[in-house]
Amino acid sequence: MRRVVCPGSFDPVTNGHLDIISRAAQLYDEVVVAVAQNPSKTTLFTVAERVELIREATKRYDNVRVDRFEGLTVDFCRDNDISAIIKGLRAVSDFDYEMQMAQMNYNQAGVETLFMTTNPLYAFLSSSLVKDFAKFGGDVSGLVPANVLERLSSRLAEP
Ligand code: PNS
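In short: position in the sequence shown from 1, add 4, done, that's this note's numbering.
Below, the structure is given as structure tokens:
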């Protein structure tokens with residue numbers, strides 16, 4: 005089975021992420037969306053919430069599985085019999101770091117990284133920007149799936 009992992013923080017998942025996931029699902033037998041749990045990083049949503057939001061948003065795809073991981077992406081790949089990572093590239097500014105990480109992952113574990121160019125509709129989009137705009141009353145309804153929009157509003161309304 006040809007399996008690829010799409011790793012990230014997904015705090016929260018955006019339409020840009022979903023575009024990459026859905027296109028990867030057309031190329032691979034299975035796409036595993038791996039949600040990073042990094043205890044030293046403050047997130048708006050817990051890892052369990054992030055997993056749940058992605059599961060809801062990808063339920064129409066039979067070959068997309070959502071899981072969480074802590075530690076190295078390459079260890080997750082080894083444990084799940086995955087030989088490649090897929091990443092979306094939005095702009096040249098993403099490239100330096102992503103290339104370094106890809107080369108490190110190949111050097112350390114022989115895991116390949118494939119870069120998919122982001123749909124231009126979402127080239128500017130990031131989870132951080134979505135959170136910042138939503139926090140101050142911006143309309144992010146076209147940028148995230150409906151379940152995320154709902155959960156964002158309720159989370160940001162909490163005291
Ligand atoms: O959505 P993000 O925050 O850009 O995702 C970053 C993520 C989770 C893909 C990246 O931090 C990662 O791969 N973390 C796992 C740790 C790891 O494997 N680091 C090795 C870098 S060489």
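Cβ coordinates follow ideal geometry from the N, Cα and C atoms, glycine included. Predicted, not measured: the structure shown is a model, and the values here were computed from it.
Worksheet item: My guess is that Val35 and Ala28 are in contact by the Cβ rule of under 8 Å, so how many angstroms apart are they, rounded?
Response: That belief holds up - the Cβ atoms of Val35 and Ala28 are roughly 5 Å apart, short of 8 Å.
Discussion item. In the DSSP output, what is Leu129 paired with across the bridge?
Written reply: According to DSSP, Leu129 bridges with nothing at all.
Worksheet entry | Local Cβ density within 10 Å of Asn109, reported as buried at 16 or more and exposed below that | Buried, by the Cβ-count rule.
Worksheet item: Taking the C-alpha atoms as reference points, what is the distance between Thr122 and Gly20?
Response: 7 Å
Discussion item. Which of the three DSSP states is assigned to Phe119 in this structure?
Written reply: strand
Worksheet item: Cβ of Leu57 within 8 Å of Cβ of Val152?
Response: yes
Fill in: Buried versus exposed call for Lys45 [16 or more other C-beta atoms within 10 Å across all chains shown]
exposed
Practice prompt. Taking only heavy atoms of ligand 1 into account, decide whether any of them is closer than 7 Å to the Cβ of Pro11.
Written response: Indeed, a heavy atom of ligand 1 lies less than 7 Å from the Cβ.
Discussion item. From the DSSP secondary-structure annotation, give me the bridge partner or partners of Leu153.
Written reply: Leu153 is not bridged to any residue.
Practice prompt. Assuming Gly114 contacts Ile24 (C-beta within less than 8 Å), just tell me the rounded distance between them.
Written response: That pair is no contact at about 23 Å.
Worksheet entry | Segment limits, beta strand (DSSP E) that includes Asp71 | Val68 to Phe73
Item to complete: Could you name the residues that DSSP lists as bridge partners for Cys10?
Response: Val37
Worksheet item: Given that a residue counts as buried once 16 or more other Cβ atoms are within 10 Å of its Cβ, and exposed if not, what is Thr50?
Response: Of the residues assessed, Thr50 falls on the exposed side of the cut-off, its CB having fewer than 16 other CB atoms within 10 angstroms.
Worksheet item: Terminal residues of the continuous alpha helix (DSSP H) containing Ile24?
Response: Segment Asn19 to Leu31, the alpha helix (DSSP H) holding Ile24.
Worksheet item: For the 8 Å Cβ check, are there 3 or more pairs between the region 85 to 100 and the region 118 to 136?
Response: Touching, per the Cβ criterion.
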